[in-house]
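If you read the protein sequences in the order shown, they are chains B and L.
So in this note's numbering, the last spot in the first sequence is 247, and the numbers never skip.
So in this note's numbering, the last spot in the second sequence is 500, and the numbers never skip.
Beneath this line is the structure, given in structure tokens, with notes to follow.
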Amino acid sequence: MSEPVVEAVDLGKRFDSTEVLRGVSFTVSKGETLVVMGGSGAGKTVLLRLVAGLIRPDGGRLRVFGRNIEHLSEEELLPLRRRMGYVFQGAALFDSLSVRENVAYPLREHTNLGEAEITERVVRNLSLVGLSSEVLPLLPSELSGGMRKRVGIARALSVEPEMLLFDEPTGGLDPTNSKLVAELILQLRGGVCDTAIVVTHDVELAKTVGDRVAVLIDGRFGALGPVDAVLGGNDPAVQAFLAGAAR
Amino acid sequence: MEAYLRRTAVWYGGVGLLTGQVFRSLALPPKYFRLVVQEIEVMGVQSLGVALTAAIFTGMVFTIQSAVNMARFGAESYVGPLAALAILRELGPVLTAILVGGKVASGITAELGSMKVTEQIDALRTLGVNYIKRLVVPRVLAALVVFPLLTVLADAVGVLGGMAIMFVERGADVYAYWNVTTYWVVPKDFLTGIGKSVFFGVIVTLIGCYNGLNTQGGTEGLGRATTATVVHVTMGVIVSDFFLTKLFLTLFY
């Protein structure tokens, strides 16, 4: 069996006096999608930011692409981050740049491609997320929430990632757009990028895209396993969370 | 009090660490030099009006005040060198740094702070971009060019403004005024002022960048950070001016 893409052992993270994560352990294998669920403030985004090396854990061990990243400097993390794509909850598009420049940004930074090839790749990535080239000249402020999210995914795909990290991909979207994004994640799994961590409190999304699901409760994984087993199981804490999520 | 001291220590430590990061990241890829040129335009060309207006009026006010009061001691003929020394060694670099620095640094804080609160800086990091090289180093390099150049222009305009007001208001002989001034003022008077402006440019830019990159608390926090930058820049320039003056006096006089 191949080495896990992500391997976390006993991860801990606190902010001032608040202990957000206390001993979280999990692995993500190549070709797998792990969905991390939990209520607001449970530490889902913190977990994702740890995996991307945006923040450092206070305790535990974290291996990403075979390297322990908890003590790596910002410079040392950069090549690792180029192997993953991060889709932010609010898309985090560069607001002074057009859609074209947003999606082209990683290509301009890390490659010496000519203008024609950059445009071709931008259009290809946008078509992967279901957007036409008509949006190329638009600014992020001129896009709807769902379109912004999809441009964010297209930008993340520009680095040709081996793993995608989604932070609340359906957060703030209407049911139609949520379904579109869920289908898009499934579609990406089938081709462009087959490994992902999806952070969400959307049960439907978890069922649609997840291989395994973990539920964060009080800074720990209250449950971790195959989607049907966890979401259909009878763990009282998980059921209490799901009942809350359903409401 | 303890919290205040802690915050102050964290701030100074943070600016120090950022300075270290900037020096480690000075080697820019060629494509980033376009950013340096852009910043020179934003910082320099767009601040020219502020810098020169302040310089000419300060030069005129200082000179006329000096003339009126030095006339009481019969020393009006020395107004030229006095005003020129004050402008070249202090007023030119300090006023330019405070006025242009406040404008430039608050703009930097607003821009980087806005990027911080909307996660755009994290987005850069996740795309494998060294955000210090991309956002901070070009601004610092631009400041190294802009602040001395603006100070040279402010010096010239300030001295000429003083000479003009002496001619108009006090009927001074322009030729004599210029001769006395250039007799007493030596190149190192001018150069130490320019040397200060280099340090001021770096200090101002680093403060603006640090406060922007450490903005917390959404748009309200952004407002606080921008205001704090203006205060920090003003205090930073005034306090560092004292130490730079001591240093230059020790080294060159």
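Positions of the beta carbon are idealized from the N, C-alpha and C atoms, including for glycine.
- Of all residues in the region 366-381 of chain L, the ones placed with a Cβ closer than 7 angstroms to any Cβ belonging to chain B are Glu366, Gln367, Asp369, Ala370, Arg372, Thr373, Leu374, Gly375, Val376, Asn377, in chain order.
- Linking glutamate 323 (chain L) to proline 395 (chain L) through their CA atoms gives a straight-line distance of about 31 angstroms.
- DSSP lists B:Val87, B:Val198 as the bridge partner or partners of phenylalanine 166 (chain B).
- Inclusion of threonine 476 (chain L) and glycine 459 (chain L) in the CB contact set at 9 angstroms is warranted, their separation being smaller than that value.
- For alanine 301 (chain L), the uninterrupted alpha helix (DSSP H) run begins and ends at 295-318, by DSSP.
- Histidine 71 (chain B) does not reach chain L, its nearest Cβ partner there being about 17 angstroms away, counting only Cβ pairs nearer than 7 angstroms.
- The three-state reading of DSSP puts arginine 121 (chain B) in helix, counting H, G and I together.
- A contact between stretches requires three or more CB pairs, one per stretch, nearer than 8 angstroms, and the region 13-24 of chain B fails this requirement with the region 336-350 of chain L.
- CA-to-CA, the gap between threonine 170 (chain B) and glutamate 366 (chain L) works out to about 18 angstroms.
- Membership of leucine 80 (chain B) in the alpha helix (DSSP H) is indicated by the continuous run 74-81.
- For arginine 14 (chain B), the CB contacts under 7 angstroms within the same chain, skipping 5 residues up- and downstream, are Val20, Asp58 in chain order.
- Threonine 27 (chain B) and glutamate 467 (chain L) have their C-alpha atoms spaced approximately 39 angstroms apart.
- For glycine 448 (chain L), the closest C-alpha among the options L:Asn426, L:Phe320, L:Val392, L:Val284 is that of L:Val392.
- The Cβ-Cβ distance between leucine 407 (chain L) and glycine 306 (chain L) falls below 9 angstroms.
- Here DSSP, grouped into helix, strand and coil, assigns leucine 265 (chain L) to helix.
- Nearest C-alpha to leucine 388 (chain L) among L:Leu498, L:Leu469, L:Ser272, L:Arg254: L:Ser272.
- A straight line joining the alpha-carbon of threonine 33 (chain B) with that of aspartate 218 (chain B) spans about 23 angstroms.
- In its chain, beyond the 5 residues on either side, Glu3 have a beta carbon closer than 6 angstroms to the beta carbon of glycine 66 (chain B).
- The three-state reading of DSSP puts glycine 38 (chain B) in strand, counting E and B together.
- Taking the CA atoms as reference points, tryptophan 258 (chain L) sits about 44 angstroms from isoleucine 412 (chain L).
- If you look at isoleucine 217 (chain B), you'll find it in the beta strand (DSSP E) that goes 212-217.
- As the crow flies, the alpha-carbon of valine 99 (chain B) is around 54 angstroms from that of leucine 498 (chain L).
- In the structure shown, phenylalanine 447 (chain L) adopts helical secondary structure according to DSSP, grouped into three states.
- Under the Cβ criterion of 9 angstroms, glycine 85 (chain B) is counted among the residues facing chain L.
- Annotation for proline 137 (chain B): Ser98, Val99, Arg100 place their beta carbon closer than 8 angstroms to its own, counting only its chain and skipping 5 residues before and after.
- The CB of arginine 82 (chain B) comes closer than 8 angstroms to the CB of Leu374, Gly375 in chain L, given here in chain order.
- In chain order, Val421 place their CB closer than 7 angstroms to the CB of phenylalanine 414 (chain L), counting only its own chain and leaving out the 5 sequence neighbours on each side.
- Here isoleucine 345 (chain L) has Val480, Thr481, Val484, Ile485 as same chain residues with Cβ atoms under 8 angstroms from its own Cβ, once five neighbours each way along the sequence are excluded.
- The beta carbon of lysine 278 (chain L) sits closer than 9 angstroms to some beta carbon of chain B.
- Only residues of its own chain outside the window of five on either side were considered, and among them Gly146 have a CB closer than 8 angstroms to the CB of aspartate 174 (chain B), listed in chain order.
- In the three-state scheme derived from DSSP, where H, G and I count as helix and E and B as strand, threonine 27 (chain B) is classed as strand.
- Around the CB of phenylalanine 270 (chain L), fewer than 16 other CB atoms lie within 10 Å, so the residue is classed as exposed.
- Residue burial annotation: methionine 248 (chain L) is exposed, with fewer than 16 other C-beta atoms found within 10 angstroms of its C-beta.
- Within the DSSP bridge table, the entry for lysine 13 (chain B) names B:Leu21 as partners.
- Shown here for threonine 473 (chain L): same chain residues with a beta carbon closer than 6 angstroms to its own, the five before and five after excluded, namely Ser353, Thr356, Ala357 in chain order.
- Interface annotation, valine 159 (chain B): in contact with chain L, CB-CB separation under 9 angstroms.
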